[in-house]
Amino acid sequence: MKLIPTNLFVLFVLLFASFGYSQQSINGIVFDENNEPLAGASVLLSGTTQGTQTNLDGRFSLTLNEPFPETIQVSYVGFSTETVYVQSSATVQVYLATNRFDEVIVSASRRAEKLLEAPAAVSVVTAEQVSLSGGSLSPLRALTNSPGVELQQQTGQRINIALRGASGIFSTSVFPMLDYRSLITPGLEYFDSQNSPLHAIDIERVEVVLGPGSALYGPDVTSGVVHFISKNPFKYPGTTVELAYGERDIVKVGLRHAGHNEKENFGYKINFKYNSGKDFTLDPNDSDDQKVLDKFKTNIGKATFNPEGNIDTSTPGEVLFKTTQTQDPEFWSGLLNTSLYFRPQSGMEIVASGGWNAGNAIFYNDLGEGQI
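Structure follows, in structure tokens:
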């Protein structure tokens, strides 16, 4: 019997092992959210440039040069990227979720369309982003990282919105909405974020449309639209309670309750919110603050008109009443609203909404400071 030399035996073992590893492969199928196979999805071996694509049936096979385990990254345009840890040659099933760029929006053209197909610069802030942004006090804080959006902190609780650099000191050329209803305060003609009916736990998403929108939303919509869309009771039933407490005696209580019938042709929603605390005020002992306080009006008067019909600025006019330079740091705001949803037939939805909101706080606009 002739023995195989030791060196030749070791070489034979190494070649066999290398051959065995080179024959290992990762096999799998890529699906979308509807369990439909995705053709042309990219499959990449993590940390390398080695990859492949799925065929018409969504299947792929990726040969390995190293033994298991391995990690692959699966991606497809319009879908989220998934990282999968593979430990054997068993068929892997990968499901890709639609990413936010394929979301359906309604604000750009006042009709449902995909975000990528919108004829305007649009960004979307999701409910999760609102929650993670510290939006418990104000959902507006979630807009901080949105392109083209500038948030102006007017008081401790009130925030103004500006788009594309079109910012005023206290007014705004932005058109804010909640479910297609204007949030511009009647009479004062400005956005009072503190006393608005916005409730963070009831916001499904925020659509920001940059650019003029007067053709769709009426005059003075010169820089864009910020559309807050609330959660409907069919998709978001249940009860949510919110409690918050912080510095300056800030207290917030919130409640949302929603439900629907078994046929899902009728739904309802109730929202309640109450905020209170102490806002920032001007300090009379500070020289700079006192300069601002000195400009506060102490006489409220009626202007005198000259014969030409113009205001006569040389006369003080008729004094209607006198006031003091009072600042009330205590603020509060509350809201209670209900919504009823009717779906008489497929593709039709009727929403009836009503509610109450009120508040007391310091406000600032282009006319000056005041108490609202």
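In terms of my numbering, the sequence shown opens at residue 967 and continues consecutively.
The beta carbon of each residue, even a glycine, is placed where N, CA and C say it ideally should be.
Residue i by DSSP, collapsed to three states: which one?
i, result
"Ala1224", "strand"
"Glu1230", "coil"
"Ala1210", "strand"
"Val1096", "helix"
"Gln1059", "strand"
"Ile1167", "helix"
"Ser1253", "helix"
"Val1072", "coil"
"Leu1144", "strand"
"Tyr1051", "strand"
"Leu1286", "strand"
"Pro1033", "coil"
"Leu1004", "coil"
"Tyr1156", "strand"
"Leu1149", "coil"
I think residue i touches residue j, with their Cβ atoms under 8 Å apart; what is that distance to the nearest whole Å?
i, j, result
"Val1191", "Gly1179", "5 Å"
"Trp1298", "Asn1241", "7 Å"
Thinking C-alpha only, which one of the options is nearest residue i?
i, options, result
"Leu1279", "Gly1177, Thr1270, Thr1092, Leu1030", "Here residue 1279 turns out to be Thr, not Leu, going by the sequence shown. Answer by Cα proximity: Thr1270."
"Thr1290", "Ile1266, Phe1308, Ser1189", "Ile1266"
"Ser1305", "Gly1006, Ser1139, Ile1316", "Ile1316"
"Lys1268", "Asp1254, Lys1261, Phe1287", "Phe1287"
"Asp998", "Pro1033, Leu1149, Glu1048, Asp1145", "Glu1048"
"Gln1039", "Ser1112, Ile992, Glu1284", "Ile992"
"Thr1205", "Ser1196, Gly1212, Ile1195, Leu1221", "Leu1221"
"Ala1108", "Thr1057, Phe1194, Val1052, Asp1252", "Phe1194"
"Ala1324", "Leu1301, Gln1016, Met1314", "Leu1301"
"Ser1097", "Leu1022, Ala1318, His1165, Ser1008", "His1165"
Evaluate residue i with the Cβ neighbour count: other Cβ atoms within 10 Å of its Cβ, from every protein chain shown; 16 or more gives buried, anything less gives exposed.
i, result
"Thr1037", "exposed"
"Arg1214", "exposed"
"Thr1020", "buried"
"Phe1246", "exposed"
"Ser988", "For Ser988, the pLDDT reaches just 49, beneath the cut-off of 50, and the residue's location in the model is therefore unreliable, although a value from the coordinates is still provided. Counting Cβ neighbours within 10 Å, Ser988 comes out exposed, since fewer than 16 surround it."
"Lys1341", "The structure shown does not extend to residue 1341, since the chain is modelled only from 967 through 1338, so no value can be given for it."
Given residue i, which residues of its chain have a CB within under 6 Å of its CB, disregarding the five upstream and five downstream residues?
i, result
"Arg1025", "Ile995"
"Thr1092", "Arg1171"
"Gly1006", "Gln1019"
For residue i, I'd like the list of residues in its chain whose CB is within less than 7 Å of its CB, leaving aside the five on either flank, ordered along the chain.
i, result
"Gln1119", "Ile1125"
"Lys1244", "Arg1214, Asp1215, Pro1295, Glu1296"
"Phe985", "Low confidence applies to Phe985: its pLDDT is 44, below 50, so where it sits in the model is not reliable enough to give any reading."
Note down, in chain order, each residue of its chain lying with its Cβ closer than 8 Å to the Cβ of residue i, except the 5 sequence neighbours on either side.
i, result
"Ser1148", "Phe1141, Pro1142"
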